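Comments concern the structure below.
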Amino acid sequence: MANLALLVDASPAISADHPRVGEILQNALTALVTATRASNALPKTSLELDLYRSFPSYLGFCHEQAAGLQSRLAHLIRQVGSLPPPPGADVDDQLENIVEANDGIMEKVSLILDRLSGLRQSELPVLPTGLEPPKTFVSSWNRGRKGEADSSTIRLLTVGRLPRPQLSFPTPPDNSNRRFLPKLQLKPNALSPLPSELLVWQKKEEKRKMKDEEEPPPELFAHPYKYEIEQLEMPAHLLEAPTQEPPDPMEDGACEIVQDPEKLQAVLDDLMKYKEIAVDLEHHSYRSYLGFTCLIQLSTSDKDYILDALVLRGHLHLLNRVFTHPGILKVFHGASMDMIWLQRDFGVYVVSMWDTAEGSRLLTGRRAGLRHLLLQYCDVSADKRYQLADWRIRPLPDEMVRYARQDTHYLLYIALRQRQDLLDRGGVSFIRQAWSLSKAVALKHYEKPLYSEEAFEVFLHSRERGITSNLRNVTAMRLLHAWRDNIARVEDESSGYVLPNHMLLKISHELPKTVQGVLACCVPPPPLLCRHLADVHTLVLQAWNSPEDSAQQGANGKSEHLEKPAKENVVYCTELCDEPTTYSLLANEKALESVQIAQPVITLFEESHPQGGKEAKRKQRALEIQQSFSNPFMLFLPSEAAKVLVPCPGGLVDQTTQSFAMLQKWKLLDATATPAKLPKKRSVETQKVVDLTGKEGKSMSIKEQIHGSSTQNDGEIKKKKKKKTLKQAAEPKLLPHDYNQSDFSVFNTRATANKKEFDPTKQTREKTKKRIATRRQFEPRGVSYTQGKHARDAVHRWPRR
Ligand code: AMP
Ligand code: MN
Ligand code: ZN
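Numbering (the working numbering), first residue to last: 11 to 811.
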C-alpha cells in the first residue's frame with residue numbers, strides 16, 4: 011500500500027506530455043524501490059511492533075499515515091472508475107479493491123495501446139484471404155428470406171484493429187440529442203432559395219452555442235430540395251427505350267479511386283457531361299453512434315468512380331452540383347438509406363432520381379434485390395459476400411473495390427431494360443408511377459434518432475417477452491438502456507458495441523448483485539462494459555430498490571410508473587463543469603396525486619409540465635438530456651476542489667466522480683422520501699434480495715452486496731478469507747474476450763468446424779483465465795451493424811441485393 015501511495019506522490023512528474031516513456035518508468039521504479047525500502051524499515055516483529063505501539067505518539071502517527079494512504083488509494087481507485095473500499099474495510103477488502111483497480115488500469119492501457127497501434131497500422135490492411143465467416147455472424151437483421159440459398163455466404167471482411175476514421179473528420183459527428191439541422195450551405199440548382207436564417211443557425215450549431223431555449227424555427231428543419239423535387243417533370247427520355255448493348259464486363263472498363271479533392275472536381279466536371287449516372291453508397295455503423303458513409307460509387311456509361319468518402323468527407327457537399335441537377339438522372343438501387351446518409355454526412359440531396367428497386371416493385375410486386383436484377387438483365391452472377399465488409403479498411407483491397415464497382419457498373423443498363431419492361435407491361439403510366447415512387451424516395455428526410463422515453467418504450471415492447479412481469483427487471487432494462495445510449499454517444503460507438511441487446515436483457519433478467527455476476531451475463535464482456543462496470547453494477551443495485559412487481563405498484567404498473575412525475579431530481583453533473591452542480595431538472599413541479607409506494611422512475615425523462623404545451627416540454631427534455639451528457643475526459647476525474655465524500659449504498663462515494671453522478675442521476679426516487687436528501691447510510695441497507703438463482707435470499711445489505719460485511723471479528727475474517735479463496739477458485743474471474751486467441755481458421759472456407767470467433771449474438775463461455783495484465787486486443791473486429799435496428803429498433807428493410 012505504501013508503495014502505491016509513493017507512486018502517487020511521484021505522479022506529478024509523470025504527465026501525459028512527458029517526453030519519454032523510459033523516463034516515466036525510471037521514475038516509477040525509483041519511487042517503488044524507495045517505498046519498498048521504507049516499508050522494509052518499518053518495525054515488523056510483533057514484539058518490536060508492540061513496543062513501538064505502546065507509544066501513543068507513534069500510534070497516532072501510524073493512524074495518520076494509514077488514513078492518508080487510504081484516502082490516496084481511494085482517490086486512485088475512483089479515478090479508474092471503481093468503487094473505493096468503504097471506510098473501515100479490512101486490509102483484505104482493501105487489497106482486493108486495489109487489485110481490481112489495477113486490472114481496470116491495465117485494461118485501459120491495453121485498449122489505448124490497441125488503438126494506438128491501430129492508428130500506426132493504417133497503411134497495412136490485414137486482409138484475411140479466402141474468408142468464410144461463421145454463420146453466427148449473420149445477425150437476424152441480415153438473414154436472407156427463407157429459401158434464399160445464399161444467406162450464409164455473406165462475407166465479413168474485417169481487420170483486427172482499424173483506426174477510427176471519425177478522428178480525422180473535419181467536424182466530429184454530432185452525437186448530441188438535438189435535432190439534425192440540414193448541413194446545406196450552398197444550394198446549387200435552386201428554384202427556391204435556401205433560407206438565410208439556416209446559415210445563421212448552422213454557425214451557432216458549429217460553435218456549440220446553441221441553447222435549447224432558442225431552437226431553430228421548425229421550417230429550417232425541412233428538406234431543402236422539397237420544392238425542386240416535387241415540381242420536377244419526368245424527363246422525356248424515360249419514355250424512349252433505345253436498344254442498347256449490355257455494358258462491357260467490369261474488368262475491361264476504367265475505374266478510378268478518388269481520394270483527392272482536386273480529382274473530385276475533375277470527376278464532377280466529367281459527370282456533368284452525362285444524362286444519366288448510377289450511384290451507390292457503402293456505410294459503416296458498428297463502431298460509430300450515428301454511422302458514416304465510407305464510399306460513394308459512381309458509374310457513367312464510360313467509367314466507374316469510387317469516391318473515398320472518409321478522406322473526402324469535407325468536400326463531398328460539392329456533389330450537389332450533379333446530384334441536384336434536374337437534367338442528370340441519378341439511378342440508384344434501393345436508395346432510401348442512401349438519401350439519409352448523403353444528407354447526414356455531406357448535406358447532399360438528390361433531384362431527378364430513378365430507383366430500380368421501385369421499378370421492380372411495380373413489375374413484380376416486390377422490390378427485387380440487385381443480385382436478382384443483375385442476373386436477370388446482365389447475366390451477371392453477383393458477389394454479395396462482401397455486403398457486410400468493414401468499409402473503413404484503407405487502402406481498399408481489390409476484392410472490395412470489385413464488389414463496390416459491381417453495385418453501380420451495370421445499373422444504368424438495368425434501369426434502361428427495366429423501363430422497357432415497364433413500358434411493355436403497363437405503358438407510360440407504369441413509367442410515371444415508378445417515377446413518382448422514386449420521387450418519394452428522394453424526398454426522404456433525415457431525422458436524427460433522439461433518445462427519449464419513447465425510444466425505451468419501443469425497445470421494451472419489441473422485446474418484453476417474459477421479463478416485464480417483474481418491475482425490477484423493467485427498471486433495470488430502462489436504466490441500462492439509457493446508460494448504454496449515453497455511453498454510445500460519448501464514445502461514438504453503436505449501442506450494440508457498448509452492450510449488445512442480449513446482454514442487456516440478460517443483466518436485466520438476472521439482476522446480478524455482484525460485479526462478477528454482471529460480467530457473467532456478458533460473455534465475452536464488451537470492452538466498454540468492462541470500463542464502466544462499477545456504473546452498470548450500481549444501476550443494477552438501483553433496480554433492486556424498485557418494487558418487485560406491478561401489483562405492488564397498482565394495476566398496469568408498467569406504463570403507469572412512466573407517467574408519474576418525479577418530485578425532484580438532483581444531478582451532480584461532473585461532465586459539464588468542474589464543480590459538482592445541482593440541477594433541478596423539473597421546472598414546474600406538480601404535486602403527486604395518489605402516489606404509491608417507492609416507484610422507480612428515471613427522472614431524466616420524467617417531467618411534469620402543466621403549462622407550456624408540447625413545445626416547452628420538448629425544449630425542457632432537450633435541455634435535460636444535454637445536461638446529462640458527459641465529457642469523456644471528466645468521467646473519472648474527481649475535481650480537486652471538492653472532495654466530498656457522501657454516504658451512498660456501498661459506502662462513502664466521492665460526489666465528484668462519475669460513479670456518484672450515476673447514483674444520483676439514475677436514482678430511483680422513493681416517493682415518500684424527502685427528495686433532496688441523500689440516501690441515509692443505513693436506511694436502505696437492509697433490503698430483501700433474491701440471489702442469482704432466483705431463490706429468496708437472506709436479508710443482505712447493499713453494502714454487503716458490494717463489499718461484503720466488514721464488521722466481523724478476527725476469527726470471522728479468517729473464515730471469510732478461506733471462503734473467499736474457495737469462492738475465487740470456484741468462480742473463475744471473467745475477463746474480456748481475448749481476440750488474439752480467436753481462431754482465424756473460421757475465415758477459411760474449408761475449416762468451419764472449430765469456430766471460436768467473437769459472436770456478439772451468441773453466448774459462449776470462454777475460458778479466459780489469463781491475468782488482465784497480459785491481455786491485449788480484445789476489441790471485437792468491426793462489422794457492419796445496423797444502428798437503426800439495434801439502437802432504435804426502427805424497422806428498416808434493407809434493399810435486397
Ligand atoms: P448496398 O447498397 O447493398 O451496397 O448496401 C449499402 C450499405 O448498407 C452496406 O455498406 C452496409 O453497410 C449496409 N447494408 C446493406 N445490407 C445490409 C444488411 N442486410 N444488413 C446490414 N447492413 C446492410
Ligand atoms: Mn445501396
Ligand atoms: Zn453498395
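From the three backbone atoms N, C-alpha and C, an ideal C-beta is built for every residue, glycine too.
Only a predicted model underlies this, so the values are computations on that prediction, with no experimental measurement involved.
Report the partner residues of residue i according to the DSSP bridge assignment.
i, result
"Val268", "Leu317"
"Thr40", "Paired residues: none, contrary to the question."
"Ile403", "Bridge partners of Ile403: none, in fact."
"Ala288", "Ser309, Val341"
"Met363", "Lys340"
"His294", "Phe302"
Between the Cα of residue i and those of the options, spot the shortest distance and give me the residue it belongs to.
i, options, result
"Ser556", "Thr418, Leu481, Pro537", "Leu481"
"Val390", "Ala45, Leu93, Leu421", "Leu421"
"Tyr387", "Cys540, Arg427, Leu35, Val109", "Arg427"
"Gly506", "Thr524, Phe469, Glu520, Val484", "Phe469"
"Ser346", "Val277, Asp417, Lys454", "Lys454"
"Val533", "Arg541, Thr548, His512", "His512"
"Val550", "Leu372, Thr485, Lys285, Gln241", "Thr485"
"Pro234", "Glu216, Ala200, Asp60, Gln254", "Ala200"
"Lys340", "Leu291, Asp502, Arg371", "Leu291"
"Ser446", "Ser81, Ala99, Glu240, Pro53", "Glu240"
"Gln269", "Val289, Ile316, Glu261", "Ile316"
"Gln176", "Thr334, Gly70, His294, Arg541", "His294"
"Leu204", "Phe231, His419, Ile517", "Phe231"
"Glu463", "Tyr296, His471, Glu457", "His471"
"Thr418", "Leu322, Asn483, Leu305, Val361", "Leu305"
"Ala378", "Ala425, Glu501, Thr310", "Ala425"
Rounded to the nearest angstrom, what separates residue i and residue j at their Cα positions?
i, j, result
"Leu745", "Ala544", "Bear in mind that the predicted position of Leu745 carries a pLDDT of just 49, short of 50, making it too unreliable to give a figure here."
"Gly357", "Arg402", "21 angstroms"
"Ser257", "Tyr423", "According to the sequence displayed, residue 257 carries Pro and not Ser. Straight-line Cα distance between these residues: approximately 7 angstroms."
"Lys197", "Glu250", "31 angstroms"
"Tyr413", "Arg331", "27 angstroms"
"Leu191", "Lys214", "11 angstroms"
"Gln131", "Pro173", "At Gln131 the pLDDT is 42, less than 50, meaning the model places this residue with poor confidence; the figure from the coordinates comes in the next sentence. Each residue's alpha carbon lies about 8 angstroms from the other."
"Asp314", "Ile350", "23 angstroms"
"Leu538", "Val508", "6 angstroms"
"Asp102", "Asn187", "44 angstroms"
"Leu514", "Asp495", "12 angstroms"
"Pro245", "Ala276", "26 angstroms"
"Gly344", "Arg488", "35 angstroms"
"Glu158", "Gly369", "Bear in mind that a pLDDT of 40 at Glu158, under 50, signals an unreliable position, so the model cannot answer this."
"Leu521", "Leu352", "42 angstroms"
"His335", "Ile287", "11 angstroms"
"Thr366", "Lys236", "21 angstroms"
"Leu300", "Thr40", "47 angstroms"
"Ile517", "Val528", "6 angstroms"
"Arg30", "Ile87", "25 angstroms"
"Phe440", "Leu372", "7 angstroms"
"His85", "Ser298", "32 angstroms"
"Met260", "Ser362", "26 angstroms"
"Glu207", "Ile338", "29 angstroms"
Grouping DSSP H, G and I as helix and E and B as strand, with all else coil, what is residue i?
i, result
"Cys304", "strand"
"His382", "helix"
"Asp355", "helix"
"Arg30", "coil"
"His512", "helix"
"His491", "helix"
"Phe190", "coil"
"Pro175", "helix"
"His233", "coil"
"Thr374", "helix"
"Thr524", "coil"
"Asn50", "helix"
"Glu255", "coil"
Using a C-beta cutoff of 9 angstroms, does residue i count as contacting chain B?
i, result
"Leu406", "The structure shown contains no chain B; it holds only a single protein chain."
When a residue counts only if its C-beta is closer than 7 angstroms to some heavy atom of the ligand ZN, which residues count, in chain order?
Asp290, Leu291, Glu292, Gln307, Ala414, Asp417
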